[in-house]
Amino acid sequence: MLLGAGLSGLVLLGLAIVLQRRTGVVWAWAFAGLVWSLVVIALVTLLPAQGDPGVVYAEDRLGTCSFDLGGPAPDGFWIFPGGQRLLNVLIFVPPGALMVVAAARWRAGRVLAPLGLGLLAAYSVGIEWTQLELARLDRACDVTDVVDNVAGAVLGAGAGLLLLPVLRPWRARRRATG
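Here full-length UniProt numbering is used: the first residue of the sequence shown is 1, the next is one more, and so on.
Here is the structure:
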């Protein structure tokens, strides 16, 4: 997981450096950071819970998602302290903030930001669906995770709105002439 996060970070660092000349520094880094945060979320949530979970037989896998809101939540993950619900919120704060900053680059940002929040919610649903379908991951599909993830994305979007007057992503860096 850590290797994947590091390698994807290096690739997206290069992408940000290439894009910043064309789109401006703020948008390039916000976009690369958004993509990187989505990759990290996939790595954290879609890698097997145990290093090698072994075989999960079809009759042993869960057939449906848990709709017990606030259901069983372990204390945390092996690498992150804190409750799982808090972690589910916190992991979606950066993409929510970076999505707003990236969307604000264009006049259509007022439409793109809510659309982006919807896509982040769909991403969370997709992760839970994948966890349900791929029993080998040894993960559980839980509606509480989606609620927590969307709450984190909304909090992140609020933070992104607070950052807009400072970062002003709609202004590309002007090159000095002369």
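We treat Cβ as the ideally placed atom computed from N, Cα and C, and that holds for glycine. Since we're looking at a predicted model, the values are computed, not measured.
Under the rule that 16 or more other beta-carbon atoms within 10 Å means buried, what is Thr64, buried or exposed? Your numbering for residue 64 matches position 64 in the sequence shown. Counting Cβ neighbours within 10 Å, Thr64 comes out exposed, since fewer than 16 surround it.
Between Gly96 and Gly160, how many whole angstroms is the CB-CB distance? I'm expecting something under 8 Å. Numbered from its first residue, the sequence shown carries residue 96 at position 96. Numbered from its first residue, the sequence shown carries residue 160 at position 160. Rounded, the Cβ-Cβ distance is 6 Å, consistent with contact.
Nearest-angstrom Cα distance between Leu15 and Gly116? Indexing the sequence shown from 1 puts residue 15 at position 15. Indexing the sequence shown from 1 puts residue 116 at position 116. Per the coordinates, the alpha-carbon of Leu15 lies some 21 Å from the alpha-carbon of Gly116.
Would Ala121 and Val150 be called neighbours here (beta carbons separated by less than 9 Å)? Looking up residue 121 in the sequence shown gives position 121. Looking up residue 150 in the sequence shown gives position 150. In contact: Ala121 and Val150 (Cβ atoms closer than 9 Å).
Under 9 Å between C-beta atoms of Arg139 and Leu69: Here residue 139 refers to the residue found at position 139 of the sequence shown. Here residue 69 refers to the residue found at position 69 of the sequence shown. Contact flag unset, no.
Does Asp142 come out as helix, strand or coil in the three-state DSSP assignment? Locating residue 142 in the sequence shown gives position 142, where the first residue counts as 1. For Asp142, the three-state secondary structure derived from DSSP is strand.
Taking the C-alpha atoms as reference points, what is the distance between Leu43 and Ala135? On the sequence shown, residue 43 is found 43 positions in, with the first residue counted as 1. On the sequence shown, residue 135 is found 135 positions in, with the first residue counted as 1. Ala135 has its alpha-carbon roughly 16 Å from the corresponding atom of Leu43.
So Leu34 packs on Leu137, CB below 8 Å; how close in whole Å? Residue 34 sits at position 34 when you count from the first residue of the sequence shown. Residue 137 sits at position 137 when you count from the first residue of the sequence shown. Actually they are not in contact, since the Cβ atoms of Leu34 and Leu137 sit about 24 Å apart, beyond 8 Å.
Can you give me the Cβ contacts of Trp36 inside the same chain, cut-off strictly under 7 Å, excluding the 5 residues immediately before and after it? On the sequence shown, residue 36 is found 36 positions in, with the first residue counted as 1. Answer for Trp36: Ser8, Gly9, Leu12, listed in chain order.
On the criterion of 16 or more Cβ atoms from any shown chain inside 10 Å, does Trp78 qualify as buried, or is it exposed? Here residue 78 refers to the residue found at position 78 when the sequence shown is read from its first residue. In this prediction, Trp78 scores a pLDDT of 48, lower than 50, which makes its location untrustworthy; the coordinate-derived value is nonetheless stated afterwards. Trp78 should be labelled exposed.
Compute the Euclidean distance between the alpha carbons of Pro94 and Leu62, then round it to the nearest angstrom. For the purposes of this step, residue 94 is taken as residue 94 along the sequence shown, with counting starting at 1. For the purposes of this step, residue 62 is taken as residue 62 along the sequence shown, with counting starting at 1. Going by C-alpha positions, Pro94 is about 31 Å away from Leu62.
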